[in-house]
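First the structure, in the form of structure tokens, and then the observations on it.
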Amino acid sequence: MSSYVYPGATHSRFEHSLGVMELATRIFDSIFDSAKLTDMVKQILPEILNDGELRYYWRTVVRMAALTHDLGHLPFSHGAEVLLPQGMTHEKLSWDIIHSDEMSPLWDGLHIKPEHIAKIALGQKEIQELKLGVTLSTWENILAEIIVGNMFGADRMDYLLRDSLHAGVAYGRFDHERLVSTLRILSKPPEGEDQGVEPAIGVERGGLHAAAGLIWARYSMFSQVYFHHTRRSYDMHLIEVMKALFEEGFPTEVDKFLELTDNDIIVYLRKAAYDASLAGHEDAKCIERREHFRRACWVTSEERKATVGKALDLLYDAGVKKWGAQKIRKCKAHKGTGTIDFPVMQDDDESRTASALAMLPLLNNFPPAEAEFIFVEPKIAPQAEQWFRENRPNIFDGHLLHVI
1 MSSYVYPGAT HSRFEHSLGV MELATRIFDS IFDSAKLTDM VKQILPEILN
51 DGELRYYWRT VVRMAALTHD LGHLPFSHGA EVLLPQGMTH EKLSWDIIHS
101 DEMSPLWDGL HIKPEHIAKI ALGQKEIQEL KLGVTLSTWE NILAEIIVGN
151 MFGADRMDYL LRDSLHAGVA YGRFDHERLV STLRILSKPP EGEDQGVEPA
201 IGVERGGLHA AAGLIWARYS MFSQVYFHHT RRSYDMHLIE VMKALFEEGF
251 PTEVDKFLEL TDNDIIVYLR KAAYDASLAG HEDAKCIERR EHFRRACWVT
301 SEERKATVGK ALDLLYDAGV KKWGAQKIRK CKAHKGTGTI DFPVMQDDDE
351 SRTASALAML PLLNNFPPAE AEFIFVEPKI APQAEQWFRE NRPNIFDGHL
401 LHVI
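According to my numbering, the sequence shown is numbered sequentially starting from 1.
The following block contains the structure:
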């Protein structure tokens with residue numbers, strides 16, 4: 001629903017997937033450039049020494065994995081994932097679609113194996129969490145990192161650049177050309193007695209600050225765009241409509257799943273907005289008429305810490321007692337960066353790598369992007385905002401540890 005706040009943000013996931021394929025191809029070509037391949041890399045990844053035909057095969061697999069990595073997203077993407085049954089994720093749906101009869105003729109025509117595509121599209125972490133019973137080789141892990149890597153994945157690079165472009169903001173921009181050109185396959189710096197040569201995608205020293213720019217771009221986009229309060233309010237209404245429409249959950253059989261698109265939901269939203277008998281009518285009306293619930297207050301980081309994470313619930317419970325549950329909603333969003341670290345090649349010496357965190361400590365100084373809002377019906381928004389402002393001390397009384 002970002003286009004309701006940022007009118008230019010009407011780009012599709014198809015465009016994003018094309019972009020991920022393009023970036024993944026550039027990264028593949030960059031890190032496997034013969035001039036960049038060290039003896040260490042050649043020893044632990046002998047696949048890159050194989051004939052050109054096999055190299056072309058894996059390059060094609062990476063491109064197709066990048067193109068299909070998001071096939072399993074529901075209409076309107078992440079917002080609708082609450083409709084999936086326990087244990088099912090959009091990654092699992094991507095896995096199922098890649099292996100489906102629908103896709104089989106395509107893979108046969110390209111002479112590539114769907115299991116290779118699916119493994120690299122999801123990565124080892126997701127595959128383990130989904131308990132799919134397969135593992136990735138060292139070679140496949142590197143290829144998966146090209147797409148879904150926590151640091152240098154093409155998926156992350158593209159959505160930040162593309163979303164910032166279409167939203168008309170500068171937050172998501174970083175020097176991706178410089179970053180891609182300085183990426184390398186490096187051994188992780190030794191930790192204590194561990195002198196292993198486990199490979200990972202890292203950067204030459206000259207690309208370190210471009211990498212830091214990527215991290216800052218991600219933090220800024222989440223805190224300023226993805227968690228924008230009006231955008232979150234529209235997402236909230238959309239989710240409620242879809243919950244009402246799919247009371248038994250979203251279909252996960254591949255054939256039925258592929259029948260439903262964003263367009264089907266958009267058509268239903270308009271119908272439901274003008275027909276009180278249809279499920280989700282009130283929330284659909286809020287979207288159609290742009291009468292979304294307004295932000296009445298939000299939780300500060302100090303209040304969150306002081307109440308041990310209870311501040312939002314305390315504000316919500318007080319608001320329900322004042323106006324009733326139909327006129328008030330709460331919304332919580334959190335995106336942490338986790339520990340950021342990757343190998344950095346020291347002074348053009350491929351045999352020496354250092355920890356990026358040790359070289360640039362500010363990498364882990366970014367706080368998590370957090371947003372906790374109380375939304376209320378538009379008619380009561382002005383008085384609700386004033387009421388929360390005046391009654392905040394009483395609401396938190398006995399729960400605050402050190403909030404001033």
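The beta-carbon is built from N, C-alpha and C at its ideal position, and this holds for glycine as well. Predicted model only: the values in this text are computed from it and were never measured.
How many angstroms separate the CA atom of Asn-364 from the CA atom of Arg-294? 34 Å
Measuring straight from C-alpha to C-alpha, what distance separates Gln-195 and Pro-343? Note that Gln-195 has pLDDT 49, beneath the 50 cutoff, so the model's placement of it is unreliable and no number is given.
Are there 16 or more other CB atoms within 10 angstroms of the CB of Asn-263, so buried, or fewer, so exposed? exposed
Outcome for Lys-305 when other beta-carbon atoms lying within 10 angstroms are tallied against a minimum of 16: exposed
Just confirm the distance between the C-beta atoms of Thr-353 and Leu-186, as a whole number of angstroms; I'd bet it's less than 8 Å. 5 Å
What residue from Gly-153, Leu-183 and Ser-2 has the CA that sits closest to Ala-167's CA? Out of Gly-153, Leu-183 and Ser-2, the CA that lies nearest to the CA of Ala-167 is found in Ser-2.
Rounded C-beta distance between Lys-119 and Glu-140? I'm assuming under 8 Å. 6 Å
Do Phe-76 and Leu-238 count as a contact pair if the criterion is CB distance below 8 Å? yes
Alpha helix (DSSP H) segments (min. 4 residues) lying fully within the region 318-402: 356-359 and 381-396
Starting from Glu-15, follow the beta strand (DSSP E) in both directions and report where the run begins and ends. Per DSSP, Glu-15 belongs to no beta strand (DSSP E); it is in the alpha helix (DSSP H), 13-31.
Determine the burial state of Ser-223: buried for a count of at least 16 other Cβ atoms within 10 Å of its Cβ, exposed for fewer. buried
Beta strand (DSSP E) segment containing Leu-81, residue limits: One point to set straight first is that residue 81 is Glu, not Leu, in the sequence displayed. It is not in any beta strand (DSSP E) - Glu-81 carries neither H nor E in the DSSP assignment.
Can you round the beta-carbon distance between Lys-332 and Leu-312 to whole angstroms, since I take them to be within the 8 Å contact cut? 6 Å
I need the straight-line Cα distance from Gly-324 to Ile-380, nearest angstrom please. Answer to the nearest angstrom: the Cα atoms are 12 Å apart.
How should Ala-318 be labelled, buried or exposed, when 16 other C-beta atoms within 10 angstroms of its C-beta is the threshold for buried? The residue is buried, with at least 16 neighbouring Cβ atoms inside 10 Å.
If you count every other CB in all the chains shown that lies within 10 Å of the CB of His-334, and 16 or more means buried, which is it? exposed
Suppose you measure from the CA of Arg-162 to the CA of His-16; what does that come to, to the nearest Å? 7 Å
Between Thr-138 and Leu-45, which are expected to be in contact by the criterion C-beta below 8 Å, what is the C-beta distance as a whole number of angstroms? About 7 Å separates the two Cβ atoms, so the contact holds.
For Glu-47 and Val-41, what's the separation of their Cα atoms in angstroms? 10 Å
What would DSSP say about Pro-105, mapped onto helix, strand or coil? helix
For Ile-98 and Leu-130, which I take to be in contact (beta-carbon distance under 8 Å), what is that distance rounded to the nearest angstrom? 13 Å between Cβ atoms; not a contact.
Answer with buried or exposed for Gly-202, where buried requires no fewer than 16 other C-beta atoms within 10 angstroms of its C-beta. Buried, by the Cβ-count rule.
Going by DSSP, what residue range makes up the alpha helix (DSSP H) through Arg-178? 176-181
Local conformation of Arg-59 per DSSP, three classes: helix
Buried/exposed call for Leu-49, threshold 16 Cβ in 10 Å: Within a 10 Å sphere around the beta-carbon of Leu-49 sit fewer than 16 other beta-carbons, which makes this residue exposed.
Measuring CB atoms only, is the region 240-260 touching the region 77-95, in the sense that at least three cross pairs come out at less than 8 Å? In short, these stretches touch, since the Cβ pair count reaches three.
Looking only at DSSP bridge pairs, what is Glu-204 linked to? Among the bridge pairs identified by DSSP, Glu-204 is matched with Met-345.
Mind reading off the beta-carbon distance from Thr-38 to Ile-117? Whole number of angstroms is fine, and I expect it under 8 Å. The beta-carbon distance between Thr-38 and Ile-117, rounded to whole angstroms, is 28 Å. This is too long to meet the 8 Å contact definition.
Arg-231 lies in the alpha helix (DSSP H); which residues open and close that run? 229-245
Could you compute how far the alpha carbon of Ile-112 sits from the alpha carbon of Arg-156? 25 Å
Please name the residue in Val-241, Lys-256, Tyr-159 and Glu-247 whose C-alpha comes closest to that of Leu-214. Taking Leu-214 as reference, the option from Val-241, Lys-256, Tyr-159 and Glu-247 with the minimal CA-CA separation is Tyr-159.
Judging by CA-CA distance, which residue of Thr-307, His-229 and Cys-286 is the nearest neighbour of Lys-330? His-229
Are Ala-272 and Val-241 closer than 8 Å when you measure CB to CB? In contact: Ala-272 and Val-241 (Cβ atoms closer than 8 Å).
CA-CA distance, Thr-10 and Val-20? 18 Å
Within 10 angstroms of its Cβ, does Glu-266 collect 16 or more other Cβ (buried), or is it exposed? At residue 266 the sequence reads Ile, which differs from the Glu that was named. Exposed, by the Cβ-count rule.
Considering Cα atoms alone, identify which of Leu-122, Ser-104 and Glu-102 is closest to Trp-95. Leu-122
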